DNA sequence: AAAATAAGTTAGTAATAACTAACATTGTGA
DNA sequence: TCACAATGTTAGTTATTACTAACTTATTTT
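Given below as structure tokens:
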């Protein structure tokens, strides 16, 4: 269960996202998502190949192995949960939330993002008012 | 206003924390906090010296310059806010919260940690119950 | 089919940030 | 005072992750 580095997590997540949409993935697809140079991608792919998380014929499609798919799904799920949490709790656009989630996802452990999931589930307008200490929240509630 | 890297932020913050307690700071003090090797520290100090954020005579005390002090206070404040937020919202021990804060502090911008500050201020047991969707929160409140 | 374009790869380099081993300086106890 | 311990520094190395330039292979267009 050797852990992936931040950037490798980003790469495998990108491969997963592309593969789900198009059923195959190429270097240029990753380039569009991660906005890094092609050689950087090829480098990362080589590491992922060594770890047997992907397979790719020369000049060919990139495919996740079983193990890679598992890892990718984990990373992706984490990413989704964190994005939702950040979006809701800090009232961010999806774009900004994505960016922050991308960074945070390499930091938080299972315990934390399970809590994020719980919080997101219960989150609503009222929660937000309470969180940000809106003056009349209590009265408003009592008044019902 | 050239931004510091993650690790330089950690170093300058450590220097600040030590200086506040003891009125001087040495390599070994930083070592205790950051748990890295002495050469790593000396390396970082050299960069901070180039940036004129600290001064240090050979084999002597490490001191923050005016500019360095400003930077350090910024970083430290951010750190405190984030730690408090993480502690409260995820119900963590200070230790664990510190660790996460250390990482997150290099990611979030002013907008976000100002929101964290607001949320922390209003946070209490009830907020926590609501956040985690405790079943009887509503009833309990209504019952008063 | 040849030329042009697109996509992928290789080679070489740089920045960040860590490490160990070896050495230098400072401070302290016998 | 002199030896030893504690502290700090230098030199050299490693890993991660990115880059540009140059090259190869594949695909498309004329």
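Chains as they are written, first to last, in my numbering: chain V, 1 to 144; chain L, 1001 to 1144. The beta-carbon is built from N, C-alpha and C at its ideal position, and this holds for glycine as well. Values in this document were obtained by computation on a predicted structure and should not be read as measured data.
| Query | Result |
| --- | --- |
| Continuous beta strand (DSSP E) stretch holding residue 1062 of chain L: start and end | 1062-1064 |
| Neighbour-count burial assignment, residue 5 of chain V, 16 or more Cβ in a 10 Å radius | exposed |
| Option nearest residue 93 of chain V by Cα separation, candidates L/1112, L/1073 and L/1101 | L/1112 |
| Rounded distance between the beta-carbons of residue 30 of chain V and residue 153 of chain V, thought under 8 angstroms | Outside the shown range of chain V (1 to 144) lies residue 153 of chain V, about which nothing can therefore be said. |
| In DSSP terms, what residue 56 of chain V is bridged to | V/62 |
| Integer-rounded CB distance, given that residue 1008 of chain L should sit under 8 angstroms from residue 1048 of chain L | 6 angstroms |
| Residue range of the alpha helix (DSSP H) that includes residue 1030 of chain L | 1027-1034 |
| heavy atom of the ligand FAD below 6 angstroms from residue 1066 of chain L C-beta | This structure lacks the ligand FAD, and indeed carries no ligand of any kind. |
| Residues near residue 98 of chain V in its chain [Cβ-Cβ closer than 8 angstroms; skip 5 each side] | 83 |
| CB contact below 7 angstroms: residue 1034 of chain L versus chain V | no |
| Test: residue 132 of chain V CB closer than 7 angstroms to a CB of chain L | yes |
| Distance, residue 1085 of chain L Cα to residue 1034 of chain L Cα | 22 angstroms |
| Distance, residue 1068 of chain L Cα to residue 23 of chain V Cα | 52 angstroms |
| Inter-residue CB distance, residue 1027 of chain L and residue 1042 of chain L (contact presumed, cutoff 8 angstroms) | 7 angstroms |
| Residue 1002 of chain L - DSSP class collapsed to helix/strand/coil | coil |
| Per-residue contacts from residue 1107 of chain L into chain V (C-beta, under 7 angstroms) | 100, 103 and 104 |
| Cβ of residue 118 of chain V within 7 angstroms of any chain L Cβ | yes |
| CB contact check: residue 1090 of chain L to chain V, cutoff 7 angstroms | yes |
| Distance between residue 1053 of chain L and residue 1066 of chain L (C-alpha atoms, nearest Å) | 8 angstroms |
| Whole-number beta carbon distance between residue 1117 of chain L and residue 1081 of chain L, since they are thought to touch under 8 angstroms | 5 angstroms |
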